[in-house]
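Residue numbers (my numbering): 56 to 254.
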Ligand SMILES: [Cu+2]
């Protein structure tokens with residue numbers, strides 16, 4: 056189990072594991088049946104096809120069950136998406152501006168930084184914008200990714216639950232030095248954050 060470092064880690068990972076589990080289950084089931092039927096109903100053993108009647112009961116079953124499964128996958132994704140899309144009212148707002156090929160973070164007091172500093176256990180709302188082309192704000196450890204585009208007001212939010220330094224980069228191919236559009240998210244204590252902010 057991966058350590059919970061943001062409010063999303065656990066729920067996004069659970070969704071991922073459930074969806075992957077369903078895929079692996081059906082992959083194995085279908086592969087085994089495919090091989091079994093290929094041997095069992097081989098032309099040499101069954102020169103003439105005899106059992107080719109339809110079965111309404113089977114048709115209904117294999118329509119309803121997959122429908123319920125995809126609705127369930129939609130539902131567990133939707134629950135997390137709704138939470139991700141609505142930042143709590145008490146969030147600290149930080150503006151992230153993406154440009155080729157760097158990140159710029161602007162705080163409410165006007166301070167500008169190229170590294171994202173945030174206090175631990177505080178809701179942080181990231182307003183996302185870009186000056187030139189489409190970029191994407193991505194913190195893999197927090198399971199957060201949201202596009203940062205010109206003339207579009209996207210936002211996302213998170214709550215960092217552990218002190219530490221995490222990779223933050225651009226996840227939208229944005230030109231020659233796209234791979235160098237990488238910086239750090241530093242989660243620090245409230246005092247350290249206030250000292251840094253007012254320095
Ligand atoms: Cu970019």
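Glycine included, each C-beta is placed from N, C-alpha and C at the ideal position.
All of these numbers come straight from a predicted model, not from anything done at the bench.
Check                                                                                                               : Outcome
Collapsed DSSP secondary structure at residue 130 in the structure displayed                                        : helix
CB-CB length for residue 73 against residue 131, believed under 8 Å                                                 : 6 Å
Runs of beta strand (DSSP E) lying entirely within the stretch 189 to 227, each at least 3 residues, in chain order : 190 to 194, 199 to 203, 209 to 214 and 219 to 225
Proximal residues to residue 263 (C-beta, below 7 Å), its chain only, five neighbours per side dropped              : The first residue shown for the chain is 56 and the last is 254, placing residue 263 beyond what the model contains.
Any non-hydrogen atom of ligand 1 within 6 Å of residue 236 CB                                                      : yes
Beta-carbon spacing of residue 241, residue 172 below 7 Å                                                           : yes
Beta-carbon proximity of residue 245 to residue 60, cut-off 7 Å                                                     : no
Segment contact, 8 Å Cβ cut-off, at least three pairs: the stretch 88 to 95 with the stretch 223 to 238             : no
Secondary structure of residue 70, DSSP reduced to three states                                                     : helix
Length-filtered (4 minimum) alpha helix (DSSP H) runs lying within the stretch 90 to 140                            : 111 to 140
Cβ separation of residue 256 and residue 146, assumed to be a contact under 8 Å, to the nearest whole Å             : Because the chain spans 56 through 254 in this model, residue 256 falls outside it and cannot be assessed.
Rounded C-alpha distance that separates residue 233 from residue 111                                                : 54 Å
Presumed contact (8 Å Cβ cut-off) between residue 66 and residue 135, rounded CB distance                           : 5 Å
Residue 88, DSSP secondary structure in three states                                                                : helix
Check whether residue 162 and residue 179 have beta carbons under 7 Å apart                                         : no
Contact test: residue 78 Cβ vs ligand 1 heavy atom, cutoff 6 Å                                                      : no
Any non-hydrogen atom of ligand 1 closer than 6 Å to residue 190 Cβ                                                 : yes
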